[in-house]
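Counting the sequence shown from 1 gives a position; my numbering is that position plus 2.
Ideal Cβ placement from N, Cα and C applies to all residues, glycine included.
Bear in mind that the values here come from a model prediction, so they are computed numbers and not experimental data.
Beneath this line is the structure, given in structure tokens, with notes to follow.
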Amino acid sequence: MTTPDCYTCGKEADFDNLPPRECVVYDQHWRVAHAFNTAVPGWMVLLPRRHVAAVHDLTGAEASALGVWQVKLSRALRSVTGCAKTYVVQFAEAEGFAHVHFHIVPRMADLRPEHRGPGIFELLRRPERERVTADQADQLAHSLRAQLYGHPNAQ
3 MTTPDCYTCG
13 KEADFDNLPP
23 RECVVYDQHW
33 RVAHAFNTAV
43 PGWMVLLPRR
53 HVAAVHDLTG
63 AEASALGVWQ
73 VKLSRALRSV
83 TGCAKTYVVQ
93 FAEAEGFAHV
103 HFHIVPRMAD
113 LRPEHRGPGI
123 FELLRRPERE
133 RVTADQADQL
143 AHSLRAQLYG
153 HPNAQ
């Protein structure tokens, strides 16, 4: 089930035409996309493939796969980006983005103190000149696929 005014559901409805950055990896319950308007290469978003507005509405199967995905993505991001750790955050409060989603953000060792913890969100919705480009996000998508599944076109 999709919701017409939901950004994530709109992307899911066009699943077969998504670029690598919008469908890094997926399974029957979850899809991973690179965040847009971010200055952080590798900022991933883990999205349920059906419309879910609150974590308590996840099915048992979705919930079981959630933790596995969070750890797998964190490990792959560490390998691909060299991050010191990852942040895992979920709010789903912005207008048009009430669809549950988890931010999986690589936190680099040299991240400035003001951007650590919740300050990382200062690096989202950055001016265009600071953002990860679509080409960079697609390259990261291919690198993460290769890390997770052994070759760049794996799903």
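6 Å Cβ shell around residue i - same chain, five flanking residues per side excluded
| i | result |
| --- | --- |
| Thr83 | Gly44, Pro108 |
| Leu20 | none |
Buried or exposed by the 16-neighbour rule on C-beta atoms within 10 Å, applied to residue i
| i | result |
| --- | --- |
| His103 | buried |
| Glu130 | exposed |
| Val27 | buried |
| Ser66 | exposed |
| Ala156 | Any reading at Ala156 needs caution, since the residue's pLDDT is 46, under 50, leaving its predicted position unreliable; the model's value is listed next. Exposed is the call here. |
| Val73 | exposed |
| Gln92 | exposed |
| Ala78 | buried |
| Ala63 | exposed |
| Ala139 | buried |
Residues sharing a beta bridge with residue i, DSSP
| i | result |
| --- | --- |
| Pro108 | Thr88 |
| Trp32 | Pro50 |
| Thr5 | Per DSSP, none; premise fails for Thr5. |
| Leu126 | Thr40 |
| Val27 | Val34 |
Straight-line Cα distance separating residue j from residue i
| i | j | result |
| --- | --- | --- |
| Gln30 | Leu142 | 22 Å |
| Lys13 | Asp7 | 11 Å |
| Met110 | Val134 | 15 Å |
| Ala96 | Asp16 | 22 Å |
| Ala148 | Thr88 | 19 Å |
| Trp71 | Ala86 | 18 Å |
| Leu113 | Tyr151 | 29 Å |
| Cys25 | Pro115 | 31 Å |
| Arg80 | Phe99 | 27 Å |
| Arg69 | Gly119 | At residue 69 the sequence reads Gly, which differs from the Arg that was named. One C-alpha to the other measures close to 20 Å. |
Under 7 Å between C-beta atoms of residue i and residue j
| i | j | result |
| --- | --- | --- |
| Thr10 | His117 | no |
| Arg33 | Leu49 | yes |
| Ala41 | Arg128 | yes |
| Ile106 | Leu75 | yes |
| His58 | Thr5 | no |
| Ala55 | Val47 | no |
Same chain, Cβ closer than 7 Å to residue i, five either side skipped, listed in chain order
| i | result |
| --- | --- |
| Ser145 | Val82 |
Neighbourhood of residue i by C-beta distance below 8 Å, restricted to the same chain and skipping five residues each side
| i | result |
| --- | --- |
| Asn39 | Leu126, Arg127, Arg128, Arg133 |
| Leu60 | Pro50, Val54, Leu68, Val102 |
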